[in-house]
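*Asks:*
In this note's numbering, the protein residues as written are 281 to 500.
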């Protein structure tokens, strides 16, 4: 996975502490769970992290930037496993994504920034750049592996490949977030298998598969 540090222009002077950054981001997520977006303050985060408030402002311009970075590092934990087939890889990353969304700090932080972004275009842009754009490499990685296995045709046009990756990412992320956070329904192995069939093979294949007896292990 690519490493990630909070965004923003570099400043001269004393080097940043990775430990302090991690403590601040963890404190931010804890504050969101305990207080919610409206009551979260830079001062509360600083107190929880054991740093001066000026330390936060040297790293982040304000609450919006801080909260987005606190959410983004959670999504950087996502990895695309190499299980030998595109279907198995997709199922695994869907379950991993769903497990991440089950964590209180992820659920609260993500819902908070998304809700606030409906009123703040700059925040929406930051979410797109710091969270969404950074995770699209998982789709590109999966596509490249599938092409090497002969499961997908190659896409020599980089622009077309990027547009395809955007669409696939939107479908996967949208479906899992809606299922887990909006509908509050479980994203279990069976749902992940059926969703993957729908994504890769289409409605007809997914419906036909539902009519077939399940094989041990739920393989496609």
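Positions of the beta carbon are idealized from the N, C-alpha and C atoms, including for glycine.
Are residue 451 and residue 480 closer than 8 Å when you measure CB to CB?
*Replies:* Numbered from its first residue, the chain shown carries residue 451 at position 171. Numbered from its first residue, the chain shown carries residue 480 at position 200. No. Outside cutoff.
*Asks:* How far does the alpha helix (DSSP H) with residue 384 in it reach, from first residue to last?
*Replies:* Position 104 of the chain shown holds residue 384. Taken as a continuous stretch (DSSP letters only), the alpha helix (DSSP H) holding residue 384 covers 384-397.
*Asks:* Select from 300, 306 and 344 the residue whose C-alpha is nearest the C-alpha of residue 318.
*Replies:* Start at 1 with the first residue of the chain shown, and residue 318 comes out as number 38. Among 300, 306 and 344, the Cα nearest to that of residue 318 belongs to 344.
*Asks:* Distance, Cα to Cα, residue 486 vs residue 332?
*Replies:* The residue labelled residue 486 in the question sits at position 206 within the chain shown. The residue labelled residue 332 in the question sits at position 52 within the chain shown. Annotation note: pLDDT 48 at residue 486 (below 50); position unreliable, coordinate value reported separately. Distance between the alpha carbons of residue 486 and residue 332: 55 Å.
*Asks:* Between which two residues does the alpha helix (DSSP H) harbouring residue 411 extend?
*Replies:* Sequence index remark: in the chain shown, residue 411 carries index 131 (1-based). Neither: residue 411 is in no alpha helix (DSSP H) and is coded neither H nor E.
*Asks:* In the structure shown, what three-state DSSP assignment does residue 343 receive?
*Replies:* Here residue 343 corresponds to residue number 63 of the chain shown, with the count starting at 1. Reduced to three states, the DSSP call for residue 343 is helix.
*Asks:* Use the C-beta contact count for residue 371: other C-beta atoms within 10 angstroms, 16 or more gives buried, fewer gives exposed.
*Replies:* In the chain shown, residue 371 corresponds to position 91, counting from 1. It is buried - the Cβ of residue 371 has at least 16 other Cβ atoms within 10 Å.
*Asks:* When we look at the beta-carbon of residue 350 and count the other beta-carbons within 10 Å, is it buried (16 or more) or exposed?
*Replies:* If you number the chain shown from 1, residue 350 lands on position 70. Per the 10 Å Cβ criterion, buried.
*Asks:* Excluding the 5 residues preceding and the 5 following residue 289 in the sequence, name in chain order all residues of the same chain whose CB lies nearer than 7 Å to its CB.
*Replies:* By 1-based counting over the chain shown, the position of residue 289 is 9. Note that residue 289 scores a pLDDT of 43, beneath 50, so its modelled location is shaky; the value from the coordinates is reported in the next line. Here the set comprises nothing.
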